[in-house]
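Novice: Its first residue numbered 1, the sequence shown is counted upward by one per residue in UniProt numbering. Glycine included, C-beta positions come from ideal geometry on N, C-alpha and C. Quick caveat, the model's predicted, so the values are computed rather than measured. Pasting a structure here, questions to come.
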Amino acid sequence: MTKNNERAKWTDVENNMWKHSMEREENTKDECGSSSTSEKIDDSVHEKQCPQLQNLLVFGDSFALRLCKAVDPSVKGKFNLCQGGMRINDLKHALSNISDLTLNGKGLLLLVGMNDVLKVKQEDLDGEIFSLISKVLKLNVKMLFLCTLPILPGKLNEPIENFNEEIRDFESVDENICVVDLEAIFVKEDESTDESFYEKCHYNDDYDIHPNTKGFQKMAEIILSKL
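So, in structure tokens, the structure goes:
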């Protein structure tokens, strides 16, 4: 994908559909927990902090959590560092509330940003993700697997592509960062989005930007192939 620094000119319909999907994710309280990170985090219960994908700890938003659940249906409960509606600054705030968190040389998967790409200016978003990654690397991470975002059906992808270009650049910043390019999974040879992974992503009241189970399982295959 070619990087374009100009923001896309969204139609009112596309903006409203994205907003509807994001607001539904943020306002829904289910077994994954809400998006609020203001409550005091219990440092003594490690299981509450994040789920795992095999031997990787996972931080992020609903894409990250659903990824874990697609691979391991036993993943349940509330996680302070991986939940629906999580934005980059939410995750930084949650990390700041865990005073003694250390990953003790474990691998970490970071998948976050979809809730930010249409709400934050690109130049500000670049600073936010840099700040988050810097904070994460201070946690004694053995290897940080940093994921690009999936491409979506429709015309909502330019800010996602710009964000993903910034993510790819981090691989040259630190030897402990490995970029996992999830964008490529969802792009066909003609550079259109493979909508077979998005059976629920259409413009009506059930609009859902998340891939189906097949999409998440394909994401997991790519991630685990990097281990």
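Report buried or exposed for residue 184, applying the criterion of at least 16 other Cβ atoms within 10 angstroms of its Cβ.
Specialist: Classification of residue 184: exposed, given that the 10 Å Cβ count is below 16.
Novice: Evaluate residue 190 with the Cβ neighbour count: other Cβ atoms within 10 Å of its Cβ, from every protein chain shown; 16 or more gives buried, anything less gives exposed.
Specialist: Under this definition residue 190 is an exposed residue.
Novice: Using 8 angstroms for Cβ pairs, my map puts residue 65 next to residue 82. What's the rounded Cβ distance?
Specialist: The Cβ separation is near 5 angstroms, so the contact holds.
Novice: Could you give the first and the last residue of the continuous beta strand (DSSP E) run that contains residue 185?
Specialist: From DSSP, residue 185 is part of no beta strand (DSSP E); its letter is neither H nor E.
Novice: To the nearest angstrom, report how far apart residue 88 and residue 96 are at their CA atoms.
Specialist: Their Cα atoms are separated by approximately 13 angstroms.
Novice: Alpha carbon to alpha carbon, how far is residue 174 from residue 103?
Specialist: Their Cα atoms are separated by approximately 17 angstroms.
Novice: Looking only at C-alpha atoms, which of 133, 178, 212 and 208 sits nearest to residue 93?
Specialist: Measuring from the Cα of residue 93, the nearest candidate turns out to be 133.
Novice: CA-CA distance, residue 140 and residue 108?
Specialist: Whole-angstrom Cα-Cα distance: 10 angstroms.
Novice: Which stretch, first to last residue, makes up the alpha helix (DSSP H) that contains residue 173?
Specialist: Segment: none, residue 173 is in no alpha helix (DSSP H) and carries neither H nor E.
Novice: Within the same chain, show all residues whose beta-carbon is closer than 7 angstroms to that of residue 91, passing over the 5 residues directly before and after it, in chain order.
Specialist: These residues qualify, in order along the chain: 59, 81, 112 and 132.
Novice: Apart from the five residues on each side of it in sequence, which residues of its chain come closer than 7 angstroms, Cβ to Cβ, to residue 232?
Specialist: No answer is possible for residue 232: it lies beyond the span of the chain, which begins at 1 and ends at 227.
Novice: Specify, as a first and last residue, the run of the alpha helix (DSSP H) that residue 127 falls within.
Specialist: Counting along the chain, the alpha helix (DSSP H) containing residue 127 begins and ends at 122-137.
Novice: Checking 9 angstroms against the spacing of the C-beta atoms, do residue 180 and residue 146 come in under that value?
Specialist: Closer than 9 angstroms, so yes.
Novice: Kindly list the residues whose CB is nearer than 7 angstroms to the CB of residue 56, restricted to its own chain and excluding five residues on each side of it in sequence; keep chain order.
Specialist: Correct list, in chain order: 107, 108, 109 and 145.
Novice: Under a three-way DSSP split, which group does residue 143 fall into?
Specialist: Residue state, collapsed to three classes: strand.
Novice: Looking at residue 114 and residue 177, is the spacing between their C-beta atoms short of 9 angstroms?
Specialist: In this structure, residue 114 does not lie closer than 9 angstroms to residue 177 by Cβ.
Novice: From the DSSP output, read off the bridge partner residues of residue 56.
Specialist: DSSP, once it has assigned bridges, lists 53 and 107 as partnering residue 56.
Novice: Report, in whole angstroms, the separation of the C-beta atoms of residue 182 and residue 149, which I expect to be a contact under 8 angstroms.
Specialist: About 7 angstroms separates the two Cβ atoms, so the contact holds.
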